[in-house]
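Chemist:
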Amino acid sequence: MQSLTFIAGGSKGLGAALVKTFENNQHEVLEFSRSGQQANHIDCDFNQTEKALHTFKQTFAKVDEKSVNSINLIINTAVLQPFGSLLKADEHTIEQHIHINITATMYLLKAFITAFQQTPCKKTISYISSGAARRDIPGLAMYSASKAFFERFIDTTATEQKDCEHPIDCMIINPGVMDTGMQVEIRAQDKADFPMVDMWQDLHDQGKLAQPKAIAEVCFNLITHTGQNSGYYTAQNYLRQ
């Protein structure tokens, strides 16, 4: 029997650290992304939503449910753009954001739940969120909104799962601020489009950005051991304990 973990958005940053951490802990890992290079990579462009859905269904259908004792889904896929006022955003960027952050992610959740709802083993869905989901950050409205959208969806799904014969535990993990490419992208923004850019620059300059490897280890412990259905966890807080 083996533990199987699917990671959406595992090609770089926290996602790549999650892939390595789960593999190092004897999980079979399959990661969905557009740019992954690992042997366990499944080519999947979340901006091509129908193709992505087909990939999800095909992948989950291949699982031998009798050979696994746990199945995890970690959703780490997201884009930040558009920055600044919505009035400045072009329609293509808006559409791409919705495809990646919402539509394809919803398809992934539906495909996973459909495939494994009746599988009688331990199952988890973990949504990697952001502090942006719970605060106003001028210039980052769509990203904040898409994260908040799925926080509520995951909360509701967790409640619904309590009544299922073979429930899937659902949790939200806010990793905190990390030293990743996403942070580099944030710090590169013009203050006119992202008024709080100085705060992120200060966090970087003061060495307050957590390393993805450390956050991935916290996520592993939450997902496989201590996390509970309906839980909300800020991973960076655990680094201080």
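Going left to right, the sequence shown walks through residues 38 to 278 as the numbering used here numbers them. Where is the CB? At the ideal position from N, CA and C, for every residue including glycine.
Measure the alpha-carbon distance for Phe83 versus Ser48 and round it to whole angstroms.
Modeler: Position 46 of the sequence shown, counting from 1, holds the residue named residue 83. Position 11 of the sequence shown, counting from 1, holds the residue named residue 48. Rounded to whole angstroms, Phe83 to Ser48 spans 13 angstroms at the Cα level.
Chemist: For Ser181, verify whether its CB is less than 7 angstroms away from any heavy atom of the ligand NAP.
Modeler: In terms of ligand content, the structure shown is empty, and the ligand NAP therefore cannot be addressed.
Chemist: Keeping to the same chain, check which residues put their C-beta closer than 6 angstroms to that of Thr42; ignore five residues upstream and five downstream.
Modeler: The count along the sequence shown starts at 1 and reaches residue 42 at position 5. If we look at Thr42 and ignore the five residues flanking it on each side, its Cβ neighbours are Phe59, His64, Val66 and Asn109.
Chemist: Leaving out five residues on either side along the sequence, give the residues of the same chain with a beta carbon under 7 angstroms from the beta carbon of Pro157.
Modeler: Against the sequence shown, residue 157 aligns to sequence position 120. Same-chain partners within the cutoff: His203.
Chemist: Quick check on the DSSP output: the beta strand (DSSP E) that includes Phe43 runs from which residue to which?
Modeler: Numbered from its first residue, the sequence shown carries residue 43 at position 6. Element bounds for Phe43: Gln39 to Ala45.
Chemist: Does the distance from the CB of Pro212 to the CB of Ala272 come in under 8 angstroms?
Modeler: Numbered from 1 along the sequence shown, position 175 holds the residue referred to as residue 212. Numbered from 1 along the sequence shown, position 235 holds the residue referred to as residue 272. Yes. Within cutoff.
Chemist: What whole-angstrom Cβ distance do Ile174 and Ser166 have, given they're in contact under 8 angstroms?
Modeler: Here residue 174 is taken as the residue at index 137 of the sequence shown, counted from 1. Here residue 166 is taken as the residue at index 129 of the sequence shown, counted from 1. Rounded, the Cβ-Cβ distance is 13 angstroms, inconsistent with contact.
Chemist: Given Gln154, which residues of its chain have a CB within under 8 angstroms of its CB, disregarding the five upstream and five downstream residues?
Modeler: Residue 154 sits at position 117 when you count from the first residue of the sequence shown. So the qualifying residues of the chain are Cys201, His203 and Ile205.
Chemist: Going residue by residue through the stretch 126-214, where are the continuous beta strand (DSSP E) segments of at least 3 residues, counting only ones entirely within it?
Modeler: 159-165 and 206-211
Chemist: Counting C-beta neighbours from all protein chains within 10 Å, is the total for Lys103 16 or more, i.e. buried, or is it exposed?
Modeler: As a first step, residue 103 is located in the sequence shown; it is residue number 66 there, counting from the start. A residue is called buried when at least 16 other Cβ atoms come within 10 angstroms of its Cβ; Lys103 does not meet this threshold and is exposed.
Chemist: Give the straight-line distance between the Cα atoms of Glu23 and Glu132, rounded to the nearest whole angstrom.
Modeler: Since the displayed the chain opens at 38 and closes at 278, residue 23 lies outside it and no answer follows.
Chemist: Within 10 angstroms of the Cβ of Met38, are there 16 or more other Cβ atoms? Answer buried if so, exposed if not.
Modeler: Within the sequence shown, the letter at position 1 stands for residue 38. Burial call: exposed.
Chemist: Could you pull out every residue in the same chain whose Cβ sits closer than 6 angstroms to the Cβ of Phe69, ignoring the five residues on either side in sequence?
Modeler: The residue given as residue 69 occupies position 32 in the sequence shown. Taken in chain order, the residues that qualify are Ala45, Ile79 and Cys81.
Chemist: Nearest to Thr151 by alpha carbon, out of Phe97, Met208 and Lys250?
Modeler: Counted from its first residue, the sequence shown places residue 151 at position 114. Nearest of Phe97, Met208 and Lys250 to Thr151, Cα basis: Phe97.
Chemist: Alpha carbon to alpha carbon, how far is Gln198 from Asn274? Give it in angstroms, no decimals.
Modeler: The residue labelled residue 274 in the question sits at position 237 within the sequence shown. The residue labelled residue 198 in the question sits at position 161 within the sequence shown. One C-alpha to the other measures close to 27 angstroms.
Chemist: Taking its Cβ as the centre, do 16 or more other Cβ atoms sit within 10 Å of Ala76, making it buried, or is it exposed?
Modeler: For the purposes of this step, residue 76 is identified with residue 39 of the sequence shown, where counting begins at 1. By the 10 Å Cβ count, Ala76 comes out exposed.
Chemist: Using alpha carbons as the reference points, say which of Val105, Ile111, Gly121 and Ser122 lies closest to Leu259.
Modeler: Within the sequence shown, the letter at position 222 stands for residue 259. Comparing Cα positions, the closest option is Ile111.
Chemist: For His134, is the classification buried or exposed, using 16 other Cβ atoms within 10 angstroms of its Cβ as the cut-off for buried?
Modeler: Along the sequence shown, one-based indexing puts residue 134 at 97. Answer is buried; the Cβ neighbour count reaches 16.
Chemist: Taking Cβ to Cβ, would you say Gly50 is nearer than 8 angstroms to Pro249?
Modeler: Locating residue 50 in the sequence shown gives position 13, where the first residue counts as 1. Locating residue 249 in the sequence shown gives position 212, where the first residue counts as 1. Their beta carbons are under 8 angstroms apart, which means Gly50 touches Pro249 by this criterion.
Chemist: So, using beta-carbon positions, are Ala89 and Tyr144 closer together than 8 angstroms?
Modeler: The count along the sequence shown starts at 1 and reaches residue 89 at position 52. The count along the sequence shown starts at 1 and reaches residue 144 at position 107. Yes, the pair counts as a contact, with Cβ atoms nearer than the cut-off.
Chemist: Quick check: what's the CA-CA separation for Val105 versus Lys159?
Modeler: The residue you call residue 105 lines up with position 68 of the sequence shown. The residue you call residue 159 lines up with position 122 of the sequence shown. Distance between the alpha carbons of Val105 and Lys159: 9 angstroms.
Chemist: So, are the CB atoms of Leu55 and Ala251 less than 8 angstroms apart?
Modeler: Against the sequence shown, residue 55 aligns to sequence position 18. Against the sequence shown, residue 251 aligns to sequence position 214. Contact: no.
Chemist: Quick one: is Asn61 buried, meaning 16 or more other Cβ sit within 10 Å of its Cβ, or exposed?
Modeler: Against the sequence shown, residue 61 aligns to sequence position 24. Result: exposed.
Chemist: Does Phe93 come out as helix, strand or coil in the three-state DSSP assignment?
Modeler: In the sequence shown, counting from the first residue as 1, residue 93 sits at position 56. Looking at Phe93 - three-state DSSP - the assignment turns out to be helix.
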